[in-house]
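Below is one structure, written out as structure tokens; the observations come after it.
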Amino acid sequence: MKKCLSILLVLFFGFLARAEETATPKATGASKPNIIFILSDDLGADILSCFGSDQYKTPNLDALAAGGMKFTHTYAAPLCGPSRALILTGRYAFRTGAVNQDKTGGFTPQQETMMPKILKEAGYVSASFGKWGQLPLMPSDFGFDEYLTFKGSGIYWNTQPKGKDYTLNGKLVELKDKEYMPDLLQKQVVDFITRNHDKPFYLYYPMSHIHGDILPTPDSREGATDKELYADNIVYHDKLVGQLIAELEKLKLREKTLIVYVGDNGTAKGGAAISTVGEKKINGSKGSMLEGGSLVPMIVNWPGTTPAGQVCMDMIDFSDYVPTFAAAAGAKLPENVIIDGHSFLPQIKGEKGMPREWAYVQLARMWYVRDMNWKLNEKGELYDMSGAPFEEKLVPVDSTDPVAVAERVKLQAALDKLNPAGGILDDGDGTGRHGGKSEKKKDKKTKKSKDETSEPSSD
1 MKKCLSILLV LFFGFLARAE ETATPKATGA SKPNIIFILS DDLGADILSC FGSDQYKTPN
61 LDALAAGGMK FTHTYAAPLC GPSRALILTG RYAFRTGAVN QDKTGGFTPQ QETMMPKILK
121 EAGYVSASFG KWGQLPLMPS DFGFDEYLTF KGSGIYWNTQ PKGKDYTLNG KLVELKDKEY
181 MPDLLQKQVV DFITRNHDKP FYLYYPMSHI HGDILPTPDS REGATDKELY ADNIVYHDKL
241 VGQLIAELEK LKLREKTLIV YVGDNGTAKG GAAISTVGEK KINGSKGSML EGGSLVPMIV
301 NWPGTTPAGQ VCMDMIDFSD YVPTFAAAAG AKLPENVIID GHSFLPQIKG EKGMPREWAY
361 VQLARMWYVR DMNWKLNEKG ELYDMSGAPF EEKLVPVDST DPVAVAERVK LQAALDKLNP
421 AGGILDDGDG TGRHGGKSEK KKDKKTKKSK DETSEPSSD
């Protein structure tokens, strides 16, 4: 009798354990991937050779794409501050207030939960090495265990006004003569992954390249032209990615590591003016609501999980990283808060998944929803995007084309559901670069002297 009772108890508790696993599936310690998110600055869809650039060669990123998956319809916010807030919170700007460069710095850890806090509950250690930009406070305030930040954007040498020092884990450190900030960031990255090779980690790596100032790299020849220096910076940032991949292989972490590489917004005007794809210029550049303002290249590589050499044309917007990484890590998303992103983890694994029907892009009081062939903005303007990214055709309001009429109805329904105008609105100059327009006008006289000596808002 006792023996039978023991057997029944074992079976009963075994059943309970299996039921609990089924109800709340979790990634095991062995299956939790390391997550490395590499974010290039001001690098749009016209820069990487694996995405068709005519001017530049990026062999390491090409190899990363060949061994993984290219995403051809990935949409950022058109400027870096709103773009990065979207990446780290998974929430659209009209919810967080990150509608312009200045206003992005207004939310707090009590108001918004960033990716590292979500992953920490799943056992992840995290770090942010690079540009923090217009984001508020310091990375540690939002859950990062380690961090290095610098002032503004595009910091390379201590000869730059904002390049004299940087902050490392709360301590102000002098940037030494002939010390190259991108190399310093890379050193921190390698040290972090080396020390944490035996536990799941999340590395947010927002690079300096290729934001201006466009300065010589350690590999640049003396007397190089501005155009040559621009190419040098692209090549150097590609080299750094290659070095990082080599370190992961050395540590035997490649198959355990999900790598996502992406640009933070479209190419800046100077770069866009000299860059082509198939001998054609992409329509628009950084800061604009045209295709070139938000369309960015994305590469995902996870050996043994992501099929090699694949191209995914599904719509992705920058709110999607939070739910995707949480799903990969087996982490819970914040409760009682709207997460706008859709997980594309199935696509990363080579499955169909449930692709989003449209991507949403916002800057200041300008916004649009974009599906594969059409775009509708806040003015009610419908664009035929069949020629994108090189051409956008405005559809007449009175068009009776049945496809255009149906698309207008569908996309307008999406905008009505989002209701951006009912959220936090831009209070700036309308460009998305500056906030507090009315306050600035009011205090213009008393602040004039201070404004002339203070640091300008970087983008």
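Everything in the sequence shown is counted per my numbering, starting at 1 for the first residue and increasing by one. For glycine and all other residues, C-beta sits at the position ideal for the given N, C-alpha and C.
- DSSP, reduced to helix, strand and coil, places residue 144 outside both helices and strands of the structure shown, so it counts as coil.
- One Cα belongs to residue 176, the other to residue 141, and the distance between them is close to 27 Å.
- Between residue 306 and residue 350, the gap from beta carbon to beta carbon is short of 9 Å.
- Under DSSP, residue 174 forms a beta bridge with 165.
- Residue 237: member of the alpha helix (DSSP H) spanning 226 to 250, first to last residue.
- Sequence-distant partners of residue 219 (beyond 5 residues in either direction) whose C-beta falls short of 7 Å from its own C-beta, in its chain, are 232, 236.
- For residue 60, no beta strand (DSSP E) segment is defined; the enclosing uninterrupted segment is the alpha helix (DSSP H) at 59 to 66.
- Beta-bridge partners of residue 71 (DSSP): 298, 312.
- Runs of beta strand (DSSP E) with 3 or more residues, each lying fully within the segment 373 to 402, are found at 374 to 377, 382 to 384, listed in chain order.
- The closest CA to that of residue 38, considering only 191, 245, 151, is found on 245.
- Note on residue 221: under 16 other CB atoms within 10 angstroms of its CB, so exposed under the neighbour-count rule.
- Counted as a single uninterrupted DSSP element, the alpha helix (DSSP H) harbouring residue 115 occupies residues 115 to 120.
- In this structure, residue 42 lies away from residue 53, with their beta-carbon atoms at least 9 Å apart.
- Sorting 173, 144, 145 by C-alpha distance to the C-alpha of residue 151 places 173 at the top.
- Its chain contains 102, 428 as the residues whose beta carbon lies nearer than 6 Å to that of residue 434, once the 5 sequence neighbours on both sides are disregarded; these appear in chain order.
- Going by DSSP, residue 195 is part of the alpha helix (DSSP H) stretching over 181 to 195.
- Taking a contact to require three or more Cβ pairs closer than 8 Å, the segment 117 to 132 and the segment 352 to 360 do not qualify as touching.
- Around the beta-carbon of residue 137, fewer than 16 other beta-carbon atoms lie within 10 Å, marking it exposed.
- DSSP, reduced to helix, strand and coil, places residue 83 within a helical segment of the structure shown.
- In the structure shown, the three-state DSSP call for residue 362 is strand.
- Counted as a single uninterrupted DSSP element, the stretch harbouring residue 348 is not any beta strand (DSSP E) but the alpha helix (DSSP H) occupying residues 345 to 348.
- Rounded to whole angstroms, residue 164 and residue 108 show a C-alpha spacing of 28 Å.
- Close CB contacts of residue 97 within its chain, under the 6 Å cut and outside five residues either way in sequence, are with 103, 106, 107, 424 (chain order).
- Residue 34 sits buried, since 16 or more C-beta atoms from the chains shown fall within 10 Å of its C-beta.
- In the structure shown, residue 91 falls within a coil segment according to DSSP collapsed to helix, strand and coil.
- Assignment of residue 433 by DSSP, reduced to helix, strand and coil, places it in the coil class.
- When secondary structure is reduced to three states using DSSP, residue 204 falls in the strand class.
- CA-to-CA, the gap between residue 316 and residue 139 works out to about 25 Å.
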